[in-house]
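In what follows, a single structure is set out as structure tokens and then discussed.
2 protein chains.
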Amino acid sequence: MRVLGVDPGLTRCGVGVVEGVAGRPLTMIGVGVVRTPPDAELGHRLVVIERGIEEWLDTHRPEFVAVERVFSQHNVRTVMGTAQASAVAMLCASRRGIPVALHTPSEVKAAVTGSGRADKDQVGAMVTRLLRLDAPPKPADAADALALAICHIWRAPAQNRLQQAVAAHRTLKGRTA
Amino acid sequence: MRVLGVDPGLTRCGVGVVEGVAGRPLTMIGVGVVRTPPDAELGHRLVVIERGIEEWLDTHRPEFVAVERVFSQHNVRTVMGTAQASAVAMLCASRRGIPVALHTPSEVKAAVTGSGRADKDQVGAMVTRLLRLDAPPKPADAADALALAICHIWRAPAQNRLQQAVAAHRTLKGRTA
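First to last, the protein sequences are chains A and B.
Taking the working numbering, the leading residue of the first sequence gets 261, the next gets one more, and so forth.
Taking the working numbering, the leading residue of the second sequence gets 261, the next gets one more, and so forth.
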């Protein structure tokens, strides 16, 4: 199973591709960050994110896209940007019929560290260990994207199969409509 | 000047096209609502909104797109959806090099009724009068989209020309890059 994890953000959008199945060692296929200029207009920044995500989908052909579920209890300005960046990522995936899964930050932390309240360093350390990397991926957004992908591979394999079937059915309907 | 106004929402996205210049009678070119099924997956809903907005852009070829600026002081769940729907609208416009303007709800109300605290009925009544319609457009999201377009035509014509130049320059750069 190949999963693209996306840690959405307007300035830095973390992206990471992980391959594997639950219970077996996982492999990192790629990791990076899609950046947009903070002084550019919002619409333009969303276009840059779209191009970046499309490139990652084209290059790595993931079967699932896992995006961090955005909550609005944090900083209001940041949250709006995060919601907008995540919308672009979800749009790119759904347009291709790739199932999108949302995982909360605490689900992701719990999946990779065993604790939903783990800090950035702990998440980075576990991602490094689980993917057998030489050093934690930088910046933290990139490590978080890999953690999202790992979380998705480990959670709900049955749910994934169901989602894939629904998405395939929908794409088919869309084509024949 | 032809403007597409978008009142973003996941369930109902109001769209309205108005043509005219400040100080002259305005003309409604079209009005409608892009709807998405509330029980569908988020990614799929965003794809439906994208298709809807693309159709409006294709049909009416607006020179500007005016989108309601989303604030997060209201209901948290609704606001996230609104932010995501607005991201899709901005993305569709910016991808084509069409300048996007954001106006706050009170700017829009003040522009069409003279008061930033006007209610829905007042906005609907003024939109009906200004566009010389027989009845207020229904639902309120459609009337709000027209109000956004009117607001944009009346506010800052100089700013519009500047934005258009910047967008043209950017599209050019994107093509030659």
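All residues carry an ideal CB built from backbone N, CA and C; glycine is no exception.
A quick note: this is a predicted structure, and the numbers were derived from the prediction, not measured.
Three-state secondary structure (DSSP) of residue i
i	result
Ala-282(B)	coil
Met-261(A)	coil
Asp-341(B)	The residue asked about is misnamed: residue 341(B) is Gly in this sequence, not Asp. Note: Gly-341(B) maps to helix in three-state DSSP.
Val-330(B)	coil
Gly-276(A)	strand
Ala-437(A)	Reliability of the predicted coordinates at Ala-437(A) is poor, the pLDDT of 42 falling under 50, and no value is obtained from them.
Thr-271(A)	coil
Thr-296(A)	coil
Beta-carbon proximity list for residue i, same chain, < 6 angstroms, skipping 5 on both sides
i	result
Val-368(A)	Ala-407, Leu-408 and Cys-411
Gln-382(B)	Thr-373
Arg-305(B)	Leu-270 and Thr-296
Thr-388(A)	Pro-396
Per-residue contacts from residue i into chain B (C-beta, under 8 angstroms)
i	result
Arg-321(A)	Ordered by position in chain B, no residue passes the 8 angstroms Cβ test against Arg-321(A), which lies about 17 angstroms from the chain.
Amino acids of chain A, ordered along the chain, whose beta-carbon sits closer than 7 angstroms to that of residue i
i	result
Val-266(B)	Within chain A, no residue comes near Val-266(B); the closest Cβ sits about 12 angstroms away, beyond 7 angstroms.
Spatial neighbours of residue i in its chain, beta-carbon cut-off 8 angstroms, leaving aside the 5 residues before and after
i	result
Thr-436(A)	Note that Thr-436(A) scores 48 on pLDDT, short of 50, meaning its location in the model is unreliable; the coordinates nonetheless yield the value given after this. Result list for Thr-436(A): empty, nothing under 8 angstroms.
Val-266(B)	Cys-273, Gly-274, Val-275, Ile-313, Val-325, Ala-326, Val-327, Glu-328, Ser-346, Ala-349, Ala-405 and Leu-408
Gly-280(A)	Met-261, Leu-286, Thr-287 and Ile-413
Chain B contact residues for residue i, given Cβ-Cβ distances below 9 angstroms
i	result
Arg-415(A)	Going along chain B, no residue has its Cβ under 9 angstroms from Arg-415(A), so there is no contact; the nearest lies around 17 angstroms.
Contact set between residue i and chain B, taken where Cβ atoms lie within less than 7 angstroms
i	result
Met-350(A)	Leu-302, Gly-303 and Leu-306
Arg-355(A)	Val-307
Ala-347(A)	Leu-306, Gln-344, Ala-347 and Val-348
Sequence-distant residues of the same chain with beta carbon closer than 7 angstroms to residue i, five excluded per side
i	result
Ala-402(A)	Gly-274, Gly-276, Val-291, Gly-292 and Val-293
Thr-338(B)	none
Ala-400(B)	Lys-380 and Gly-384
Leu-390(B)	Leu-286, Val-372 and Ile-410
Asp-299(B)	none
Ser-354(B)	Val-360
Ile-309(A)	Cys-273, Val-294, Thr-296, Ala-345 and Val-348
Ser-375(A)	Lys-369
Pro-365(A)	Glu-328
Within chain A, partners of residue i - CB distance below 8 angstroms
i	result
Val-360(B)	Glu-301, Leu-302 and Gly-303
Min CB distance residue i to chain D below 9 angstroms
i	result
Val-368(B)	Here chain D cannot be found, since the structure's protein chains are A and B.
Residue ranges of each alpha helix (DSSP H) within the stretch 345-431 of chain A, 4 or longer
365-373, 380-390 and 400-414
Residues of the stretch 302-330 of chain B in Cβ contact with chain A at a cutoff of 7 angstroms, in chain order, please.
Leu-302, Gly-303, His-304, Leu-306, Val-307, Glu-310 and Val-330
Complete alpha helix (DSSP H) runs within the stretch 298-322 of chain A (minimum length 4 residues, chain order)
302-320
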